[in-house]
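Notes follow the structure.
Number of protein chains: 2
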Amino acid sequence: MTVDREQVLRTAAALLSRRATATMDEVARAAGIGRATLHRHFAGRDALVRALEQLGIAECEAAVAVARLDEGSAEDALRRLVAGFEPVAGLLSFLVTENQLFEDGELNEGWARLDARISALFRRGQERGEFRIDLTPAWLTEALYGLVGTCAWCAQDGRVAAKDFQYMITELLLGGARRSVEP
Amino acid sequence: MTVDREQVLRTAAALLSRRATATMDEVARAAGIGRATLHRHFAGRDALVRALEQLGIAECEAAVAVARLDEGSAEDALRRLVAGFEPVAGLLSFLVTENQLFEDGELNEGWARLDARISALFRRGQERGEFRIDLTPAWLTEALYGLVGTCAWCAQDGRVAAKDFQYMITELLLGGARRSVEP
DNA sequence: TACTTATGAGACACACATGTCTCATTCCGA
DNA sequence: TCGGAATGAGACATGTGTGTCTCATAAGTA
Numbered sequence: 001m002t003v004d005r006e007q008v009l010r011t012a013a014a015l016l017s018r019r020a021t022a023t024m025d026e027v028a029r030a031a032g033i034g035r036a037t038l039h040r041h042f043a044g045r046d047a048l049v050r051a052l053e054q055l056g057i058a059e060c061e062a063a064v065a066v067a068r069l070d071e072g073s074a075e076d077a078l079r080r081l082v083a084g085f086e087p088v089a090g091l092l093s094f095l096v097t098e099n100q101l102f103e104d105g106e107l108n109e110g111w112a113r114l115d116a117r118i119s120a121l122f123r124r125g126q127e128r129g130e131f132r133i134d135l136t137p138a139w140l141t142e143a144l145y146g147l148v149g150t151c152a153w154c155a156q157d158g159r160v161a162a163k164d165f166q167y168m169i170t171e172l173l174l175g176g177a178r179r180s181v182e183p
Numbered sequence: 001m002t003v004d005r006e007q008v009l010r011t012a013a014a015l016l017s018r019r020a021t022a023t024m025d026e027v028a029r030a031a032g033i034g035r036a037t038l039h040r041h042f043a044g045r046d047a048l049v050r051a052l053e054q055l056g057i058a059e060c061e062a063a064v065a066v067a068r069l070d071e072g073s074a075e076d077a078l079r080r081l082v083a084g085f086e087p088v089a090g091l092l093s094f095l096v097t098e099n100q101l102f103e104d105g106e107l108n109e110g111w112a113r114l115d116a117r118i119s120a121l122f123r124r125g126q127e128r129g130e131f132r133i134d135l136t137p138a139w140l141t142e143a144l145y146g147l148v149g150t151c152a153w154c155a156q157d158g159r160v161a162a163k164d165f166q167y168m169i170t171e172l173l174l175g176g177a178r179r180s181v182e183p
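Protein chains in written order, with the UniProt record's numbering: chain A, 1 to 183; chain B, 1 to 183.
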């Protein structure tokens, strides 16, 4: 009888990732509950979005933790990170767009933590001599988010193959489009 | 007395690029005209957005034309293209987001033309041996859009330096983050 | 079984953006 | 100077999403 909050959040994430303008009613129906019940668990749309934000941050931080960003080469760590981001990509792009829309300025501290972790990875790669130093860690971090979001959206629309998610992002981010060697 | 439609569109583009949820009233005020007048020139919000879409496409196609994508090396052509995209970046990211939001499916044929042109550039680069062939032209094209949008948004928020717009995008897109050579 | 609790369905008011209309005013051209 | 045209301001109706409330019902518990 009691609503599974986690399951509701995941359903909402899946729906809103596809259609950011979905109604509270649609969210409720998608989760198989009534609109009133949805309101009992999340005071309003803002509260729902903020809960999704917490979920997104938590999943990203989990991905960061699993990726062990400070072990081994920075390149391998980045590959692990992108792999961990794949399941969250849709939610991530939704939240990024949502943040752009409502410029409250008050970006969650969770994002700041995440940015710091990922920036640190790129910085580590620079210090190890793996990554070039003329592109700032901040830009590389944002570029990673951008590519993840773009790829998620493209894959959803079928413009690119979803199975190549990790490959496309890591290869482009690490090596770029230029052909560097051979024949 | 007569309203300068072009100027209204540019003002709207500037405003909506920053705040995609801006009201018709806000758009009118920003353009220095009354809401009624705005409605006289653009039947509704949809019409306004579609007009902005036309403007964005036109400017992008102009940038494509100026960049002479089929002249010289593909790499240089891409640099010219990114340079031409810089002034349109804000509008471009707004339109991309707008398209994501309302999945009418009916994407303007103008975008298809643009995609085709840019994809052709990447394909030409592959055929010339400049670009790697394991990343599809379609993905490279979308990645370009994504990076342009991400960079525009970051620059607006001051997270990266706006003056490095072209450099950050072209260097990342062409060479990637990996350090390939020297000491 | 009886009681408590959570839920679903629906009604309701509210806020807000939108679109339309009117009317006085201003601008431009004849 | 005069008259037509465009504009600005505001009023008005509308649609829609939202938030709150009530009440009957189902689920879980003692």
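Even for Gly, the Cβ is constructed at its ideal location relative to N, Cα and C.
Worksheet item: Can you name, in chain order, every residue of its own chain whose Cβ lies under 6 Å from the Cβ of L114 of chain A, other than the five neighbours on each side?
Response: By one-based count along the first sequence, residue 114 of chain A stands at place 114. Closer than 6 Å at the Cβ level, and outside the excluded window around L114 of chain A, lie C60.
Worksheet item: What is the rounded straight-line gap between the Cα of C151 of chain A and the Cα of V88 of chain A?
Response: Here residue 151 of chain A corresponds to residue number 151 of the first sequence, with the count starting at 1. Here residue 88 of chain A corresponds to residue number 88 of the first sequence, with the count starting at 1. Their Cα atoms are separated by approximately 12 Å.
Discussion item. If the cut-off is 9 Å on Cβ atoms, which residues from the segment 153-170 of chain B count as contacting chain A, listed in chain order?
Written reply: W153, C154, D157, R159, V160, A161, D164, Y167, M168, I169
Discussion item. Based on DSSP bridge pairs, tell me the residues matched to R178 of chain B.
Written reply: The count along the second sequence starts at 1 and reaches residue 178 of chain B at position 178. The partner list for R178 of chain B (beta bridge, DSSP) reads A:F131.
Worksheet item: Whose CA, out of A:Q156, A:F131, A:R117, lies closest to the CA of L174 of chain A?
Response: The sequence position of residue 174 of chain A within the first sequence is 174, counting from 1. The shortest C-alpha separation from L174 of chain A is found at A:F131.
Worksheet item: Between L38 of chain A and V49 of chain A, which are expected to be in contact by the criterion C-beta below 8 Å, what is the C-beta distance as a whole number of angstroms?
Response: As a position in the first sequence, residue 38 of chain A is number 38, starting the count at 1. As a position in the first sequence, residue 49 of chain A is number 49, starting the count at 1. With a Cβ gap of about 13 Å, L38 of chain A and V49 of chain A do not count as contacting.
Worksheet item: Counting only beta-carbon atoms, is F131 of chain A nearer than 7 Å to chain B?
Response: Locating residue 131 of chain A in the first sequence gives position 131, where the first residue counts as 1. True, the Cβ-Cβ gap to chain B drops below 7 Å.
Worksheet item: According to the Cβ coordinates, are L140 of chain B and F122 of chain B closer than 7 Å?
Response: In the second sequence, the residue the question calls residue 140 of chain B occupies position 140. In the second sequence, the residue the question calls residue 122 of chain B occupies position 122. For L140 of chain B and F122 of chain B, yes; Cβs fall inside 7 Å.
Discussion item. With a threshold of 6 Å on Cβ separation, who are the neighbours of A177 of chain B within its own chain once the five nearest residues in sequence on each side are excluded?
Written reply: Here residue 177 of chain B corresponds to residue number 177 of the second sequence, with the count starting at 1. Excluding positions up to five away in sequence, the list is empty.
Item to complete: Can you give me the start and stop residues for the alpha helix (DSSP H) that S17 of chain B sits inside?
Response: Counted from its first residue, the second sequence places residue 17 of chain B at position 17. It spans 5-18 - the alpha helix (DSSP H) in which S17 of chain B sits, taken as one unbroken run.
Item to complete: Would you mind telling me which residues of chain A sit closer than 9 Å to R179 of chain B, beta carbon to beta carbon, in chain order?
Response: As a first step, residue 179 of chain B must be located in the second sequence, where it is residue number 179. The answer, in chain order, is G125, Q126, G129, E130, F131, R132, I133.
Discussion item. Just verifying my parser: in three-state terms, what is the DSSP assignment at F165 of chain A?
Written reply: Reading the first sequence from its first residue, position 165 is the one you call residue 165 of chain A. F165 of chain A: helix per DSSP, three-state reduction.
Fill in: Other residues of its chain near P183 of chain A: CB distance less than 8 Å, five sequence neighbours each side excluded
For this step, residue 183 of chain A is matched to residue 183 along the first sequence. Only weak support is given to the placement of P183 of chain A: the predicted model assigns it a pLDDT of 37, under 50, and the question is left unresolved by the model.
Item to complete: Tell me whether P183 of chain B sits in a helix, a strand or coil according to DSSP, three-state version.
Response: As a first step, residue 183 of chain B is located in the second sequence; it is residue number 183 there, counting from the start. Confidence in P183 of chain B is poor, its pLDDT being 37 and thus under 50, which makes the residue's placement unreliable; the coordinate value appears in the next sentence. It is coil, neither helix nor strand.
Worksheet item: Near C154 of chain A, what residues of its chain come up, given a Cβ to Cβ distance below 6 Å and the 5 sequence neighbours on each side ignored?
Response: By 1-based counting over the first sequence, the position of residue 154 of chain A is 154. Same-chain partners within the cutoff: V160.
Worksheet item: alpha helix (DSSP H) containing M24 of chain A: first to last residue?
Response: Start at 1 with the first residue of the first sequence, and residue 24 of chain A comes out as number 24. Start and end: 24-31.
Worksheet item: If you drop the 5 nearest sequence neighbours on each side, which residues of the same chain put their C-beta closer than 6 Å to that of L16 of chain B?
Response: The count along the second sequence starts at 1 and reaches residue 16 of chain B at position 16. So the qualifying residues of the chain are A22, F94.
Item to complete: Could you check what DSSP says for D70 of chain A in three-state terms: helix, strand or coil?
Response: Stepping through the first sequence from its first residue, residue 70 of chain A is reached at position 70. D70 of chain A falls in the coil class under three-state DSSP.
Fill in: Local conformation of A63 of chain B per DSSP, three classes
The residue labelled residue 63 of chain B in the question sits at position 63 within the second sequence. Residue state, collapsed to three classes: helix.
Practice prompt. Compare the beta carbon distance of G84 of chain B and A63 of chain B with 7 Å and say whether it is the shorter of the two.
Written response: Counted from its first residue, the second sequence places residue 84 of chain B at position 84. Counted from its first residue, the second sequence places residue 63 of chain B at position 63. Cβ distance < 7 Å, so G84 of chain B and A63 of chain B count as in contact.
Worksheet item: If you draw a straight line from the C-alpha of E180 of chain B to the C-alpha of R29 of chain B, how long is it?
Response: Counting from one through the second sequence, the residue named residue 180 of chain B turns up at place 180. Counting from one through the second sequence, the residue named residue 29 of chain B turns up at place 29. Per the sequence shown, the amino acid found at residue 180 of chain B is Ser instead of Glu. Answer to the nearest angstrom: the Cα atoms are 52 Å apart.
Discussion item. Just to check my reading of the structure: V8 of chain A and A36 of chain A have Cβ atoms closer than 8 Å, yes? What is that Cβ distance to the nearest angstrom?
Written reply: Along the first sequence, read from residue 1 onward, the residue named residue 8 of chain A stands at position 8. Along the first sequence, read from residue 1 onward, the residue named residue 36 of chain A stands at position 36. Incorrect: roughly 13 Å between the Cβ atoms, too far for contact.
Item to complete: Put T136 of chain A into one of helix, strand or coil per three-state DSSP.
Response: Here residue 136 of chain A corresponds to residue number 136 of the first sequence, with the count starting at 1. Residue state, collapsed to three classes: coil.
Fill in: Below-7 Å beta-carbon distance, A143 of chain B vs any chain A residue
Residue 143 of chain B sits at position 143 when you count from the first residue of the second sequence. With 7 Å as the cut-off, A143 of chain B counts as an interface residue toward chain A.
Worksheet item: Between the Cα of R117 of chain A and the Cα atoms of A:L101, A:P137, A:H41, which residue gives the shortest distance?
Response: Within the first sequence, numbered from 1, the residue matching residue 117 of chain A stands at position 117. It is A:P137.
Discussion item. Using the three-state DSSP reduction, which class does R45 of chain B fall into: helix, strand or coil?
Written reply: In the second sequence, the residue the question calls residue 45 of chain B occupies position 45. Reduced to three states, the DSSP call for R45 of chain B is helix.
Fill in: Buried versus exposed, by CB contacts within 10 Å (16 or more), residue 188 of chain A
Missing from the structure shown is residue 188 of chain A; chain A here goes from 1 to 183 and no further.
Practice prompt. Using a Cβ cut-off of 8 Å, pull out every chain B residue sitting near L174 of chain A, in sequence order please.
Written response: As a working mapping, residue 174 of chain A is identified with position 174 in the first sequence. Neighbours of L174 of chain A on chain B, chain order: G176, A177, R178.
Fill in: Simplified DSSP state of F85 of chain B, which is helix, strand or coil
Here the question's residue 85 of chain B lines up with position 85 in the second sequence. Helix at F85 of chain B.
Worksheet item: Which residues in the same chain as M24 of chain B place their Cβ atom closer than 7 Å to its Cβ, once the five residues preceding and following it in sequence are excluded?
Response: Locating residue 24 of chain B in the second sequence gives position 24, where the first residue counts as 1. Answer for M24 of chain B: R35, L38, R45, listed in chain order.
Worksheet item: Pick from A:R10, A:L172, A:R124: whose alpha carbon is nearest that of L147 of chain A?
Response: Here residue 147 of chain A refers to the residue found at position 147 when the first sequence is read from its first residue. That would be A:L172, whose Cα lies nearest to the Cα of L147 of chain A.
Discussion item. Using a Cβ-Cβ cutoff of less than 6 Å, which residues in the same chain neighbour I133 of chain B once the five nearest sequence positions on both sides are dropped?
Written reply: Looking up residue 133 of chain B in the second sequence gives position 133. The residues are Q126.
Worksheet entry | Cα-Cα separation, E71 of chain A to L52 of chain A | By one-based count along the first sequence, residue 71 of chain A stands at place 71. By one-based count along the first sequence, residue 52 of chain A stands at place 52. Whole-angstrom Cα-Cα distance: 30 Å.
Fill in: Proximal residues to I33 of chain B (C-beta, below 8 Å), its chain only, five neighbours per side dropped
Locating residue 33 of chain B in the second sequence gives position 33, where the first residue counts as 1. Same-chain partners within the cutoff: V3, V8.
Worksheet item: Would you report the Cα separation of L91 of chain A and A20 of chain A, rounded to the nearest angstrom?
Response: Here residue 91 of chain A corresponds to residue number 91 of the first sequence, with the count starting at 1. Here residue 20 of chain A corresponds to residue number 20 of the first sequence, with the count starting at 1. Approximately 10 Å, taken between the alpha carbons.
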